[in-house]
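Undergrad: First the structure, which I've put down as structure tokens, then a few questions once you've had a look.
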Amino acid sequence: MWCKAAAFLAVFPPLLATTHTTESSWRFDNPFCGVIVQARPLAGTPGYALQLGAATGEELDAHVTLVSDSDAYDAYLSNVRLAGPPDDRQSNAKLVTLPRDQTVSYLFVDSYSIDHGPSQTCPSYVVSVESDPFPVPPDSAAIVARHLQSLGKPACGQVYRSPGFNGEIEFPIGDFGNRRLSTTFDVYIDSRGRAISETMVASSGIEGVDDFARGAIQHHQFRPAEFLCTPVVAELQVRLNYEP
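In this note's numbering, the protein residues as written are 3 to 246.
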């Protein structure tokens, strides 16, 4: 009997079309940054709709770095009002344009301040721009992002590489009957490729299988994500399948 692992990029409920729940979402247990950002391209016009989320707070200031294939930009979102349940605070969409018409593929929160508190910096916790366009409300004002730097061509050949496995997780784990089982975890991985936090999102129904899966994830040396050829923090969704 063997346990084989498959990895999938974690997919979180889109902030721009979310349904509030009474429980705090896994995205706010993020050990890297207390604020998350999501972005969609504007429909019919250059630019992007950015939405911020946090676990607490009434007002938020944030510097968000937007990255195209050749350049990086800073969007400063100030006095952003947050609304929603106490553990699931979100902003309305904020429209951002670039000084030049470029396609942004990735972005991350560089720093933030909640309720005029001290500024907090975040590691490069990179997310992709979503594909579905955001309808632009009439007479909407947009923030113009500031050019930070030209990036040149990455020596490694790509702006961002997703995290993954270094080989398969495959170990004999005993006899649990003639049926297939699986268990799934959301896993945060540091820039060294080590799991620093994992949450089970789907149980196999057998405690021994779930415990084995958690231990295997904790001890596995993952391949870290890379941003501009530098290892960065990231998240994975890991599913381990028991094959009788």
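Where is the CB? At the ideal position from N, CA and C, for every residue including glycine.
Along the chain, where does the beta strand (DSSP E) containing ARG42 start, and where does it finish?
TA: Segment 37-43, the beta strand (DSSP E) holding ARG42.
Undergrad: Excluding five sequence neighbours on each side, which residues of the same chain lie with their C-beta closer than 6 Å to the C-beta of ALA218?
TA: So the list reads ILE171, once near-sequence residues are dropped.
Undergrad: Whose C-alpha, out of TYR108, PRO33 and GLU60, is nearest the C-alpha of GLY115?
TA: Residue 115 is actually Ser in this sequence, not Gly. With distances taken between Cα atoms, SER115 lies closest to GLU60.
Undergrad: Between which two residues does the alpha helix (DSSP H) carrying VAL211 extend?
TA: Where VAL211 is concerned, the enclosing alpha helix (DSSP H) stretches over 209-221.
Undergrad: Taking buried to mean at least 16 other C-beta atoms within 10 Å of its own C-beta, is HIS149 buried or exposed?
TA: Exposed, by the Cβ-count rule.
Undergrad: Just to confirm the assignment, what range does the beta strand (DSSP E) spanning ALA56 have?
TA: Start and end: 50-56.
Undergrad: Output needed for PRO125: all residues of its chain with C-beta closer than 8 Å, excluding positions within five of it in sequence on either side, in chain order.
TA: Correct list, in chain order: PHE34, CYS35, SER193, VAL234 and VAL235.
Undergrad: Take every Cβ of the segment 102-114, pair it with every Cβ of the segment 83-90, and state whether three or more of those distances are shorter than 8 Å.
TA: At 8 Å Cβ cutoff, the stretches do not touch.
Undergrad: Using the Cα positions of VAL66 and ASP212, report the straight-line distance between them to the nearest angstrom.
TA: Cα to Cα, VAL66 sits roughly 37 Å from ASP212.
Undergrad: If I measure Cβ to Cβ from VAL203 and keep anything under 8 Å in the same chain, skipping five residues before and after, which residues do I get?
TA: Around VAL203: TRP28, THR186, PHE187, ASP188 and GLN239.
Undergrad: In whole angstroms, what is the alpha-carbon distance linking VAL140 and LEU97?
TA: The sequence given here has Pro at residue 140, not Val. Answer to the nearest angstrom: the Cα atoms are 12 Å apart.
Undergrad: In this structure, how does DSSP classify ASP31 when only helix, strand and coil are distinguished?
TA: Residue state, collapsed to three classes: helix.
Undergrad: Identify which residue in ASN94, LEU44 and LEU62 has its Cα closest to the Cα of PRO135.
TA: When only C-alpha atoms are compared, the closest one is LEU44.
Undergrad: Compute the beta-carbon to beta-carbon distance between LEU109 and VAL129, rounded to the nearest angstrom, for a pair I have assumed lies under 8 Å.
TA: Between VAL129 and LEU109 the Cβ distance is about 6 Å, and since that is below 8 Å, they are a contact.
Undergrad: How long is the line joining the alpha carbons of ASN94 and GLN53, rounded to whole angstroms?
TA: Their Cα atoms are separated by approximately 6 Å.
Undergrad: Please report the residue range of the beta strand (DSSP E) in which LYS155 lies.
TA: Segment: none, LYS155 is in no beta strand (DSSP E) and carries neither H nor E.
Undergrad: Secondary structure at PRO125, three-state DSSP: helix, strand or coil?
TA: Correct three-state label for PRO125: coil.
Undergrad: Among residues of its own chain, excluding the 5 on either side of ALA144, which ones have a beta-carbon nearer than 7 Å to its beta-carbon?
TA: Closer than 7 Å at the Cβ level, and outside the excluded window around ALA144, lie GLY49, LEU97, VAL98 and THR99.
Undergrad: Near ILE198, which residues of its chain fall below 8 Å by C-beta distance, leaving aside the five closest residues on each side in sequence?
TA: These residues qualify, in order along the chain: PRO33, TYR190, ILE191 and ASP192.
Undergrad: Cα-Cα, which of ALA64, ASP73, ALA77 and LEU230 is closest to PRO120?
TA: Selected option, being the one with the closest Cα: ALA64.
Undergrad: Assign VAL37 to one of two classes, buried (16 or more other C-beta atoms within 10 Å of its C-beta) or exposed (fewer than that).
TA: Classification of VAL37: buried, given that the 10 Å Cβ count is 16 or more.
Undergrad: Between ASP89, VAL69, GLU245 and GLY154, which lies nearest to GLY112 when the distance is taken from Cα to Cα?
TA: It should be noted that the sequence gives Asp, not Gly, for residue 112. When only C-alpha atoms are compared, the closest one is VAL69.
Undergrad: Buried or exposed for GLY55, please, with buried defined as at least 16 other CB atoms from any protein chain shown within 10 angstroms of its CB.
TA: That one is buried.
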